[in-house]
Every structure is written in C-alpha cells, then in structure tokens.
Amino acid sequence: MKKLVVANWKMNPATKEEARELAGKIELAITAVRRGEVDTVICPPHPFLGVLQHLLHFTHLGAQNIAEELKGPFTGEVSALQVRSFGGEYAIIGHSERRALGEGDETISNKVATAVRSGLHPIICVGAGTKRGQSEAAVAKVVAKQLRAALRSAGKAQVTVAYEPVWAISRGFGTGKAVTASHAAKIIGQLRRFAPWARFIYGGSVDGKNAPAFAKETLIQGALVGGASLDAGEFLRVIKAFSKD
C-alpha cells in the first residue's frame, strides 16, 4: 500500500487566486518527487474544488468534510456526490474541529458509509478527546472507540485512518507540538488490531522538520498536514520524507 500525504488547508487561503497559486506551487514541487512511493491529496475549502479540479495532475483532490445525506433540504451542506462531480476522490471525516462543532460518533459513522457508497475514499480522523499526559493505554482506549464507531457501517472498505491527537494540532485546540513518532506508532499499532486492512497515517503539527522521524516508523504510512501544507516548500519536505527521497 502506497504512503499517503494529505494537505488539509482548513479555511485557507482567502481567495481563489491564492488557492490556484498555492496548488500550482505544490504541483511544480511534486515533479521532483518519486511519486511511485507516495500519493498526495489536497483538501481545499469546498468553494475551491472547482478551481483546482483541472489544475491538479500529480495530486489528488479531496474535501475537508461531507454531509451524511446525498441530497435534500440541508442548507449549507455539501454532499459526497457534489464533491465527486468536481473530481474529488477523498474526504476527511471526523476531524476534531468538526467534532468540536457537535459531530458525534453516529454522524461520523454515517458520513463514512456515505463516502464509501459514493466512491470517495474516507480519511477518518481519531484523537479528539485525548489529553496531553494521558497514558498510552488511555489514549488507545479513546481512539479505538472512535474508530470502531466510524467503521460500524463501512464493513472492510478501503479507508485511511489518521491518528490526530487534538492537543497536538498546530492551531485552534492544540499546543502546536507534535507527539513523538514512537508514541504515534504505538497508538497506531493498537488501532491496527481493529482494522488491519486500513492505511494509518499521523496528523498533528507535522512539518518538514519532524516528518522524517514519523516516516521511519513502519506502522505510520503517511501524514495529515495542516498549517505546513500552506507552504509549498514545507509540504514538499513532508512528501519527500515519506517518498524515501
């Protein structure tokens, strides 16, 4: 299974022109990477999916969120089918910043099932509710519960699971300090027991400096990159770490 490095731009950048410029820089940078080793995904804000659809050639396109339903009277929601119609192939589901807005295990499970049914590859985030200083056993218990719930209606569909402890996220709810690679590998090792068919990646303040340490851990098969993905050079360093360049 190939490694996967995902850019979660969150609510950035401010304009479609900036989005086009950043995506173009990433595309140009990726030409220097052995792409046979790693897949890359850009998840921009929904309004920019159409902007990037015909711009990306070496990078896959994804969404930061999808609705539980495929269509209907759901003001402000974006469906998996709409994402697909713009060339989207991936969808981040269950990010801690979504959970903070009230999305629970049942909602996330429904979204995973909807993504699979619609042909999107789910990137399932687990790690909300964990706390710095908790024992690895306590953390593993929390994230295993989240993963089991997320997969409840998805069977053994191909999914990617991102272990992203909320306190390690670079902005918003976290400290901006990544966990150690060994900690991430141990938690992912516990999660693999529940979904051995899945691909597991790490997220939480990943950047070009710490990515090589995560890439050395064989259980960590990629990264979900937040703030560092807004700098093409920094994002390239993360990709190179996982592509063995």
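My numbering puts the sequence shown at residues 47 to 291. Backbone N, C-alpha and C fix where the C-beta goes; we use that ideal spot for every residue, glycine too. Since we're looking at a predicted model, the values are computed, not measured.
query, result
"Sheet register partners of Thr86 (DSSP bridge)", "Val51"
"Contact belief for Gly254 with Arg283 at Cβ below 8 Å, rounded distance in angstroms", "3 Å"
"Pro168 in three-state terms, based on DSSP", "strand"
"Ser228 to Ile247 span [Cα, whole Å]", "13 Å"
"Helix, strand or coil at Gly220 [DSSP, three-state]", "Since pLDDT at Gly220 reaches only 48, below the 50 mark, its modelled position is unreliable, and the value read off the structure follows with that caveat. Of the three classes helix, strand and coil, the one that applies to Gly220 here is coil, per DSSP."
"Local Cβ density within 10 Å of Gly220, reported as buried at 16 or more and exposed below that", "Only weak support is given to the placement of Gly220: the predicted model assigns it a pLDDT of 48, under 50, and the question is left unresolved by the model."
"CA nearest to the CA of Ala113, picked from Glu263, Arg163 and Ile72", "Arg163"
"Under the three-state DSSP convention, the category His141 falls into", "coil"
"Per-residue burial, Ala231 [other beta carbons within 10 Å of its own, 16 or more giving buried]", "buried"
"Alpha-carbon spacing of Val124 relative to Gln110, whole angstroms", "10 Å"
"Cβ pair Val129, Leu270 closer than 8 Å", "no"
"Cross-strand partners of Ala269 (DSSP beta bridge)", "Val51 and Tyr248"
"Validate contact between the stretch 258 to 273 and the stretch 69 to 82 using beta carbons, cut 8 Å, 3 pairs", "no"
"Cβ neighbours of Leu276 in the same chain (closer than 6 Å, five flanking residues each side left out)", "Asn58"
"Check whether Leu237 and Ala196 have beta carbons under 8 Å apart", "no"
"Whole-Å CB distance - Ile215 paired with Gly279, under 8 Å assumed", "That pair is no contact at about 21 Å."
"Check whether Ile169 and Ala203 have beta carbons under 8 Å apart", "no"
"Which listed residue (Val225, Trp243 and Lys56) has its alpha carbon closest to that of Ser181", "Val225"
"Whole-number beta carbon distance between Ile233 and Ala186, since they are thought to touch under 8 Å", "6 Å"
"Beta-ladder partner(s) of Leu107, from DSSP", "Ile88"
"Ala208 - containing beta strand (DSSP E), residue span", "Thr206 to Tyr209"
"Pair within 8 Å by beta-carbon distance, Cys89 and Gly70", "no"
"Straight-line Cα distance separating Ile139 from Gly82", "26 Å"
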